[in-house]
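Some notes on the structure that comes next.
Residue numbers (my numbering): 389 to 494.
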């Protein structure tokens with residue numbers, strides 16, 4: 389069976405620590421997540437440590453996402469049954485604060 393690879397990136401004009409803070413805490417996902425914006429009424433349960441969450445909705449279906457590994461201000465690797473598996477918060481691994489960070493979901 390052939391594999392499919394879909395990647396979407398956006399440059400964000402903000403310091404890496406600001407981006408990382410929003411991405412690394414699932415409590416902060418509702419205002420920006422494309423799937424939660426598509427179905428705002430979806431039921432979401434965030435774990436007490438904010439490192440995983442479960443969702444259920446009519447349009448988005450159901451699933452769980454969790455942070456497998458992260459390095460502050462550099463990357464976050466996610467595991468999910470749906471949609472994407474990794475998020476990179478910095479372009480080219482540069483750990484210094486940048487004003488134009490590359491945010492990639494694939």
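Idealized CB from N, CA, C, for every residue including glycine.
Report buried or exposed for residue i, applying the criterion of at least 16 other Cβ atoms within 10 angstroms of its Cβ.
i, result
"residue 425", "exposed"
"residue 407", "buried"
Excluding the 5 residues flanking residue i on each side, which residues of the same chain have their C-beta closer than 6 Å to its C-beta?
i, result
"residue 467", "454 and 456"
"residue 405", "461"
"residue 418", "424"
"residue 452", "442"
Within the same chain, show all residues whose beta-carbon is closer than 8 Å to that of residue i, passing over the 5 residues directly before and after it, in chain order.
i, result
"residue 409", "416"
"residue 447", "426, 427 and 430"
"residue 420", "410"
Can you name the start and end residues of the alpha helix (DSSP H) that residue i belongs to?
i, result
"residue 391", "Per DSSP, residue 391 belongs to no alpha helix (DSSP H) and is neither H nor E."
"residue 404", "404-411"
How would you write the range of the beta strand (DSSP E) that residue i sits in, first residue to last?
i, result
"residue 433", "431-434"
"residue 443", "440-445"
"residue 450", "449-459"
Leaving out five residues before and five after residue i in sequence, what residues of the same chain have Cβ atoms less than 7 Å from its Cβ?
i, result
"residue 435", "441"
"residue 433", "441 and 442"
So, under 8 Å CB-CB, residue i and residue j are touching, yes? Tell me the CB distance rounded to an integer number of Å.
i, j, result
"residue 444", "residue 450", "4 Å"
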